[in-house]
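In what follows, a single structure is set out as C-alpha cells and then discussed.
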Amino acid sequence: MNSVVVLILGLVVAFIGYRFYAKHIDSKIIKSDPKRATPAKMYMDGVEFMPTSKNILFGYQFKSIAGAAPIIGPIIAIQWGWLPALIWILAGTFFIGWVQDYSSAMVAMRNDGASFGGLSHKLISPRARIILLAFIYFYLLLIAGAFGNVVVSTTIALKAAPMAWLFLTVGGILAGQMIYRWRKDIILTTVVTVIIAMAGIWFGTIAPSDSIIGADLANSRWVWAIAAFVFCYFAAVLPIWRFALPINYVASYIVFLGLFFGIIGIFILHPDFTLPAYTGFSIRIGPIWPIMFVTIACGAISGWHSIVSSSGTARQLENELDARPVGGGVMFVEMMLALFALVIAGTIYASSAEYGAAIAKGPGGIFAAGVSKFLGAIGMPAALGRSYGSVMMIVLAITIMQLVIRFMRVATSELLSDVSPVFRNPHVGTFIACILGMVLVLTGWWQYLWVLFGGANQLMASLALLLITAWLMSEGKSAAWAFYPMIFMFITTIAALLYTSYSLLQKVISGAVKGEALIGNTLMGLVGLFLVVAALILGAEGMKALRRYRAITKAQAAAAAKA
Amino acid sequence: MSEEKKKGGFFSAVKEFVYGVAAHDSARFALKSRASMEHLFILITMGDMLGVPILPPYYSLRLLPYVVPQISTWKRRMLKEKDLTDGLA
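Heads up: the protein sequence lines correspond to chains A and B, in order. Letter by letter, the first sequence follows residues 1 to 563 in the working numbering. Letter by letter, the second sequence follows residues 564 to 652 in the working numbering.
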C-alpha cells in the first residue's frame with residue numbers, strides 16, 4: 001500500500017470521528033453547554049484556573065501529550081506487520097483514544113476542576129485514591145526507564161546525537177538566561193538559541209562522539225545513562241525557568257519544524273510499504289494480542305493524556321464546547337503522528353531483514369533514518385538529516401523523562417516525609433528517582449521495558465475510563481461508549497502485564513538470566529505484578545461503585561414509574 | 564483575553580497555537596511560582612484566617628487592604644485537595 005493512502009485514510013477517520021462521533025457524544029450525551037460556567041471562569045485565580053483560548057490550549061495539549069511514545073510504538077509494533085498496527089491506531093483512536101482524552105477533561109470540568117485523586121475518592125471509594133497514587137508512582141518509574149532507554153540507544157546508534165544534544169542544552173540554558181535575567185526580546189532570544197541548536201545538529205555530523213571520546217566510551221550504555229539522568233537531575237533540582245523550561249522551549253521548534261517538513265517529504269516521495277502487511281501471531285516479544293495493543297500506546301490511547309486533560313486543560317477551558325477540539329481533536333492529530341512513524345518504519349527498509357537489524361539497535365536509529373530520508377526530499381543532506389532525526393528523538397524522550405523525574409521527587413517527598421524528614425530534601429528524592437530509573441535502563445531489555453511502560457500507560461487509561469464510566473452512571477447518562485472500551489482496555493492490559501511479568505520472572509526462576517539481566521528481569525517483573533494487583537483492587541472497587549450507581553438509577557426509575 | 568482574539572483570522576489562530584506549543588507552559592510555571600510565594604506570604608501574615616495559630620501582628624492589619632482582593636482565591640487554593648497529578652500538568 002502507498003504511504004499517502006495511509007495518511008489519507010487517517011485524515012478520513014479523523015474527520016468522521018471528530019465531526020460525527022465526537023460531535024454526537026458531545027451534543028447528545030454530555031450535552032456541552034456554552035453558557036455553563038467552566039471551573040476556569042468560576043474559580044479564576046490567574047494561575048491554575050485561567051480562561052484560555054482554545055487555540056492556545058490546542059497547542060498546549062499537543063505539546064504535553066506528543067512525546068516519543070506515539071513514534072516509538074508503531075516502529076516496534078510493525079514487527080507483527082503494518083496492517084495490524086494500522087488497524088489498531090485507527091480503531092483505537094476512533095473508539096477509545098479521543099473518548100478518554102475528551103471525557104477526562106469533561107469529568108474534571110463538571111467536578112469543579114478536581115484532579116484524579118479527588119475524583120477517585122468521590123466517585124469510587126477512599127481506598128481507590130491511595131492505590132491510584134501508588135500506581136502512578138510506579139507508572140512514572142516505567143516512563144523514566146523506557147524513555148531513558150530510548151535516549152541511551154539513540155546516542156549509541158547515532159554518534160552525531162550527543163553533540164547536538166549538548167548544543168541544545170547550551171542553547172536552552174542561554175534562552176532561560178536571556179529571557180528571565182537579561183530581559184532580552186523573545187524573538188531575538190528564539191532566533192539566537194534555535195540557531196545554536198541547529199548548529200549543534202550540523203556540528204554533530206562533523207564531530208561524532210566516537211571521534212571525541214573514543215569508541216569505547218561512545219558505545220558505553222553507562223556513559224549515556226549517566227548523562228541522561230544527570231540531565232534529568234538538573235531539570236529536577238534547578239529552578240524550572242533556568243533549565244527544564246527553556247530547553248523544552250528551544251526543542252519545541254526543532255521538533256515542530258522536523259515534523260512539518262517530514263510530512264511534506266512523505267507527500268513528495270510517497271513511497272510504498274516494503275515490509276510485510278502481516279508477519280504472524282506470535283513474535284519474540286509476545287503474541288499480537290495483548291502485546292501489540294500495549295506496544296502502540298499513545299498513538300491509539302494513552303493514560304498520560306487523561307492526566308494532562310484533567311489536571312491541566314480542564315482548568316483552563318473557557319467554554320464547554322472547546323473540550324471537543326482540544327481534548328478530542330488533539331488526539332486525532334496524535335494519531336496522524338503515529339501514522340507518520342508507521343510510514344517511516346514500513347517504507348524506508350528494503351526488506352524485513354534490514355529492518356530487523358536496525359530495530360535490534362533501538363527505535364531511535366530507525367526514526368532518524370526516516371527523518372533523514374523524508375527531509376532529503378526537500379534537499380537536506382542525508383548525514384545532517386540523520387543528526388536532525390536523532391536529536392528529535394532525544395528531545396521527544398527526554399522532555400517527558402525530566403518531567404517524570406521531577407514529579408517522582410515530589411512524590412517521594414509526599415509519600416515518605418513522615419517516615420524520615422530526609423526525604424523532604426529535593427536532592428534525596430531526585431537521587432532515588434534517578435537511581436531507580438538507571439537500574440531499569442541498564443539492566444532491562446528495552447523491548448520488555450517498552451511493553452511494561454505501554455501496559456502501565458494503557459492501564460492508567462482504563463482506570464481513567466473507569467472514572468468516566470462511574471461519573472456518567474452517577475449522572476444517569478448513557479455510559480456504554482466509555483464502559484466497553486474500559487473493559488477491553490482493562491482485560492488487554494492486565495493480560496499484557498501478566499504475560500510480560502511471567503516471561504521475565506520465569507527466566508529468573510529457571511536461572512536463564514544472570515548478572516545485570518537478573519536484576520532487570522526481577523525488578524521489571526515485580527513492578528509489572530504490583531501494577532496488576534493495584535489495578536485489580538481498583539477494578540474491584542470500581543465495579544462495586546458501578547453496581548451502586550446502577551442500583552440508584554434503577555430505584556429512581558422505579559420511583560418515577562410509581563409516581 | 565479571548566473575546567477580541569476570537570475575532571482574529573487564521574494567522575492569529577496559528578500564532579496562538581505556536582504560543583501554546585512553545586511558551587504557554589513557561590508562562591503557567593512562572594505564574595505558579597509567583598503565586599506560591601504570595602500564598603506563603605499571606606499564610607505567614609494572615610494564617611489565622613485558616614485556623615493557623617498566628618497572633619495577628621500590627622503589620623498584618625496594615626497589609627490587610629492589599630491582601631483583601633486575593634483572600635478568596637488564596638483560601639481556595641490552600642484548602643483544595645492536591646495530588647501528584649496536579650504537578651504533572
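Think of the CB as a built atom: it goes at the ideal place given N, C-alpha and C, for glycine as much as any other residue. Predicted model only: the values in this text are computed from it and were never measured.
- Message: For A:Thr52, list the residues DSSP reports as bridge partners.
- Response: DSSP lists A:Leu317 as partners of A:Thr52.
- Give a yes or no on whether the minimum CB-CB distance between B:Leu594 and chain A is below 8 Å. B:Leu594 belongs to the set of residues whose beta carbon lies under 8 Å from a beta carbon in chain A.
- Task: Tell me, to the nearest whole angstrom, how far the beta carbon of A:Phe98 is from that of A:Ala22; I am working on the premise that it is less than 8 Å.
- Result: This sequence places Trp at residue 98 of chain A; Phe is not what is there. Yes, they are in contact, since the Cβ atoms of A:Trp98 and A:Ala22 sit about 6 Å apart, within 8 Å.
- Message: Please identify, using Cβ separations under 7 Å, the residues of the region 91-109 of chain A that lie next to chain D, in order along the chain.
- Response: The displayed structure is made up of protein chains A and B, and chain D is not among them.
- Task: Keeping to the same chain, check which residues put their C-beta closer than 7 Å to that of A:Leu86; ignore five residues upstream and five downstream.
- Result: The beta carbon of A:Leu86 is closer than 7 Å to those of Val6, Leu342 in its chain, skipping five residues each way along the sequence.
- So, is the C-beta of A:Ser115 closer than 8 Å to a C-beta in chain B? Chain B places a beta carbon closer than 8 Å to that of A:Ser115, counting this residue as a contact.
- Query: Does the separation of the CB atoms of A:Leu529 and A:Leu463 fall below 8 Å?
  - Reply: Result no, Cβ atoms of A:Leu529 and A:Leu463 do not sit closer than 8 Å.
- C-alpha gap between A:Val395 and A:Ile291, whole angstroms: A:Val395 and A:Ile291: Cα-Cα distance of roughly 26 Å.
- Message: Three or more C-beta pairs under 8 Å: does that hold for the region 95-111 of chain A against the region 480-491 of chain A?
- Response: Cβ pair count under 8 Å is three or more, so yes.
- Message: Which same chain residues end up closer than 6 Å to A:Ala300 when comparing Cβ atoms and leaving out the 5 residues on each side of it in sequence?
- Response: Counting only Cβ-Cβ distances below 6 Å, and skipping sequence neighbours, we find Trp88, Ile89, Gly92, Thr93, Gly97.
- Determine the extent of the alpha helix (DSSP H) in which A:Cys298 is found, giving its start and end residues. Segment: none, A:Cys298 is in no alpha helix (DSSP H) and carries neither H nor E.
- Item | Given A:Met543 as reference, the closest of A:Asn149, A:Thr469, A:Ser309, A:Gly520 once Cα atoms are compared | Of the listed residues, the one whose Cα sits closest to A:Met543 is A:Thr469.
- Message: Going by the DSSP bridge assignment, what does A:Pro287 pair with across the sheet?
- Response: Within the DSSP bridge table, the entry for A:Pro287 names A:Ser282 as partners.
- Which of helix, strand or coil does DSSP assign to A:Asp112? Coil at A:Asp112, not helix or strand.
- Message: Buried or exposed for A:Val471, going by 16 or more other Cβ atoms inside 10 Å?
- Response: A small correction: the amino acid at residue 471 of chain A is Trp; Val does not occupy that position in the sequence shown. Buried: at least 16 other Cβ atoms inside 10 Å.
- Message: So that I know if they touch, is there some Cβ in chain A lying closer than 8 Å to that of B:Val631?
- Response: No, its Cβ sits nowhere closer than 8 Å to a Cβ of chain A.
- Are the C-beta atoms of A:Ala464 and some chain B residue less than 8 Å apart? Contacts with chain B at 8 Å (Cβ-Cβ) do not include A:Ala464.
- Inter-residue spacing [alpha-carbon to alpha-carbon] between A:Pro363 and A:Ile76: When the Cα atoms are used, A:Pro363 and A:Ile76 turn out to be separated by approximately 7 Å.
- Who are the neighbours of A:Lys410 on chain B, taking C-beta pairs under 9 Å? At residue 410 of chain A the sequence reads Val, which differs from the Lys that was named. Leu647, Gly650, listed in chain order.
- May I have the straight-line CA-CA distance separating A:Phe293 from A:Ser302, to the nearest angstrom? For A:Phe293 and A:Ser302, the distance between alpha carbons rounds to 11 Å.
- Rounded C-beta distance between A:Ile398 and A:Ala228? I'm assuming under 8 Å. About 7 Å separates the beta carbon of A:Ile398 from that of A:Ala228, a gap short enough to meet the 8 Å contact definition.
- Message: Please classify A:Gly389 as buried or exposed, where buried requires at least 16 neighbouring CB atoms within 10 angstroms.
- Response: Answer is buried; the Cβ neighbour count reaches 16.
- Item | Beta-carbon separation (whole angstroms), A:Leu505 vs A:Asn521, contact threshold 8 Å | About 7 Å separates the Cβ atoms of A:Leu505 and A:Asn521, confirming a contact at the 8 Å cut-off.
- Item | Residue burial classification, A:Leu436 (beta-carbon count within 10 angstroms, cutoff 16) | In summary, A:Leu436 is buried, with 16 or more beta-carbon neighbours lying within 10 Å of its beta-carbon over all protein chains present.
- Message: Helix, strand or coil, according to DSSP, for A:Asn609 in the structure here?
- Response: Since the first residue of chain A shown is 1 and the last is 563, residue 609 of chain A is not available in this structure.
- Message: Just verifying my parser: in three-state terms, what is the DSSP assignment at B:Met564?
- Response: No answer about B:Met564 holds up, because its pLDDT of 45 lies below 50 and its placement is not dependable.
- Task: Compute the Euclidean distance between the alpha carbons of A:Gly444 and A:Ala277, then round it to the nearest angstrom.
- Result: In this structure, the CA atom of A:Gly444 is about 30 Å from the CA atom of A:Ala277.
- Endpoints, alpha helix (DSSP H) assigned at A:Gly182: In the sequence under discussion, the amino acid at residue 182 of chain A is Trp, which differs from the Gly named in the question. Neither: A:Trp182 is in no alpha helix (DSSP H) and is coded neither H nor E.
- Query: Cβ of A:Lys28 versus every heavy atom of the ligand NAD: is any distance shorter than 7 Å?
  - Reply: With respect to small molecules bound, the structure shown includes none, and the ligand NAD cannot be examined in it.
- If you draw a straight line from the alpha carbon of A:Val4 to that of A:Asp33, how long is it in whole angstroms? When rounded, the distance between both Cα atoms is 38 Å.
- Message: What does the alpha-carbon distance come out to for the pair A:Ile296 and A:Ala69?
- Response: A:Ile296 and A:Ala69: Cα-Cα distance of roughly 8 Å.
- Query: CB-CB under 7 Å to A:Tyr18, same chain, minus the five flanking residues each way: which ones, in chain order?
  - Reply: Gly328, Gly329, Phe332.
- Task: Under 7 Å Cβ to Cβ from A:Arg424, same chain only, skipping five residues before and after it: list those, please.
- Result: Taking A:Arg424 as the centre and dropping the five residues before and after it, the same chain places the C-beta of Ser413, Ser417 closer than 7 Å to its C-beta, in chain order.
- Message: Between B:Gly583 and chain A, is the shortest Cβ-Cβ distance under 8 Å, so that the two count as touching?
- Response: Yes, B:Gly583 lies at the interface with chain A (some Cβ there is under 8 Å from its Cβ).
- Task: Go ahead and label A:Lys54 buried or exposed: buried means 16 or more other beta carbons lie within 10 angstroms of its beta carbon, across all protein chains shown.
- Result: In the assembly as shown, A:Lys54 is a buried residue. Its beta-carbon has 16 or more other beta-carbons within 10 Å.
- Message: Counting only C-beta atoms, is A:Ile291 closer than 8 Å to chain B at any point?
- Response: It does not: the Cβ of A:Ile291 has no partner Cβ on chain B nearer than 8 Å.
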